[in-house]
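Each residue of the sequence shown is one higher than the one before, starting from 209 at the first, in the working numbering.
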Amino acid sequence: MAFLGSKSMIEDNYKQRGLRGKLVRKLRTKGIRNEAVLDAIGKVPRHVFFDEALLGHAYEDKAFPIGEGQTISQPYTVAFQTEKLEIKPGDKVLEIGTGSGYQACILLELGAKVYTIEFNKILYEKTKEFLPSLGYHPYFFLGDGSKGVPVRAPYDKIIVTAGAPVIPDALIEQLADNGILIIPVGGREKQTMVRLTKKKGVLKKEEFDTFAFVPLLGKQGWKP
Ligand code: SAH
């Protein structure tokens with residue numbers, strides 16, 4: 209996997225930066241408005257997460273395989289979920305589904321303190337080693353994120369990057385007051401993006417477009 213990173217692939221040259229600028233313009237035309245989110249997409253190298261054979265696709269607005277049957281989310285999806293979280297510097301953010309770590313890097317660029325949990329041990333180990341080599345330092349956890357990460361709760365923001373059959377109770381419980389949870393909920397193949405906002409213990413629910421995520425596994429997820 210490129211993901212373990214040879215030096216030549218990690219190099220961020222003018223060509224990669226140019227392609228990234230083009231991706232940012234594309235996300236703008238697709239409706240992403242938050243300048244801080246667009247800046248973060250413009251900063252984080254995405255090509256370093258790709259296998260050599262797929263390198264040419266790194267700045268297309270598409271999801272791609274990262275091994276272990278998992279994917280690096282589509283840039284539009286990353287931008288959409290991040291925008292809906294309204295991240296402020298210093299926010300404590302829990303991410304369910306570390307995967308490649310790309311989404312975690314975007315959150316870190318926005319100044320968030322990031323706690324990220326991954327169910328797949330191989331991906332967890334790879335990403336835990338790889339992200340710090342790029343200069344990104346979230347707190348990594350291995351386990352079933354459908355139960356959240358109670359030891360570090362509450363969180364100002366929670367982002368679920370796998371498709372869930374229901375909104376896990378544990379995540380609602382671990383959300384701070386004035387907190388925001390963004391989660392794709394629905395079937396195994398397609399889900400509706402849902403945002404929950406907690407204010408004085410009262411939840412407000414908003415629904416957005418349809419997306420296609422890999423399934424959230426675990427106690428409040430799908431059976432493997
Ligand atoms: N955020 C990732 C995309 C992740 S794809 C990125 O930026 O690349 C979804 C990830 O969720 C996969 O890596 C999958 O293994 C993980 N996952 C599925 N169920 C999970 C669970 N219950 N807890 C934690 N991670 C889970």
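Positions of the beta carbon are idealized from the N, C-alpha and C atoms, including for glycine. These numbers were taken from a predicted model, which means no experiment stands behind them.
What distance in whole Å lies between the Cβ atoms of Asp269 and Lys234, which are believed to be in contact at a cut-off of 8 Å?
In the sequence shown, residue 234 corresponds to position 26, counting from 1. In the sequence shown, residue 269 corresponds to position 61, counting from 1. That pair is a contact at about 6 Å.
Mapping the DSSP letters down to three states, classify Val301 as helix, strand or coil.
Counting from 1 along the sequence shown, the entry for residue 301 is found at position 93. In the structure shown, Val301 sits in a strand (DSSP, three-state: E or B).
Is it the case that the segment 357-367 contacts the segment 415-422, given that we only count it when at least three CB pairs across the two stretches are under 8 Å?
By the Cβ criterion, the segment 415-422 is not in contact with the segment 357-367, since fewer than three pairs of Cβ atoms, one from each stretch, lie closer than 8 Å.
Considering only residues of the segment 255-301, which uninterrupted beta strand (DSSP E) runs meet the minimum length of 3 residues and lie entirely inside it, listed in chain order?
Along the segment 255-301, the beta strand (DSSP E) occurs as fully enclosed runs of 3 or more residues at 272-275 and 278-280, listed in sequence order.
Could you have a look at Val232 and say whether DSSP puts it in helix, strand or coil?
Reading the sequence shown from its first residue, position 24 is the one you call residue 232. If DSSP states are grouped into helix, strand and coil, Val232 belongs with the helices.
Whole-angstrom C-beta distance between Lys230 and Tyr284, which should lie under 8 Å
Taking the first residue of the sequence shown as 1, we reach residue 284 at position 76. Taking the first residue of the sequence shown as 1, we reach residue 230 at position 22. About 14 Å; that fails the 8 Å criterion.
Shortest alpha-carbon distance to Ala372 belongs to which of Met401, Pro346 and Gly298?
If you number the sequence shown from 1, residue 372 lands on position 164. For the residues Met401, Pro346 and Gly298, the minimum Cα distance to Ala372 belongs to Met401.
What do you reckon, is the C-beta of Lys246 under 6 Å from a heavy atom of the ligand SAH?
In the sequence shown, counting from the first residue as 1, residue 246 sits at position 38. It is Leu, not Lys, that sits at residue 246 in the sequence shown. Within 6 Å of the C-beta of Leu246 there is not a single heavy atom belonging to the ligand SAH.
Is it right to say Ser308 is buried, meaning 16 or more other beta carbons lie within 10 angstroms of its own, or is it exposed?
Counted from its first residue, the sequence shown places residue 308 at position 100. Ser308 is buried by the Cβ-count criterion.
Proximal residues to Ile314 (C-beta, below 7 Å), its chain only, five neighbours per side dropped
Taking the sequence shown and counting its residues from 1, one reaches residue 314 at position 106. Excluding residues within five positions, the ones whose Cβ falls inside 7 Å are Ala248, Ile249, Val252, Val286 and Thr290.
For Asp247, the first and last residue of its enclosing alpha helix (DSSP H)
Against the sequence shown, residue 247 aligns to sequence position 39. Annotation for Asp247: the continuous alpha helix (DSSP H) segment containing it runs Glu243 to Lys251.
Hey, would you say Ile240 sits closer than 7 Å to Phe257, going by beta carbons?
Residue 240 sits at position 32 when you count from the first residue of the sequence shown. Residue 257 sits at position 49 when you count from the first residue of the sequence shown. With contacts defined as CB atoms closer than 7 Å, Ile240 and Phe257 fail to qualify as a contacting pair.
Is Ile391 helix, strand or coil by DSSP?
Taking the first residue of the sequence shown as position 1, residue 391 is located at position 183. Strand.
If you reduce the DSSP assignment to three classes, tell me which class Phe163 lands in.
Because the chain is modelled from 209 through 432, residue 163 falls outside the range shown and cannot be assessed.
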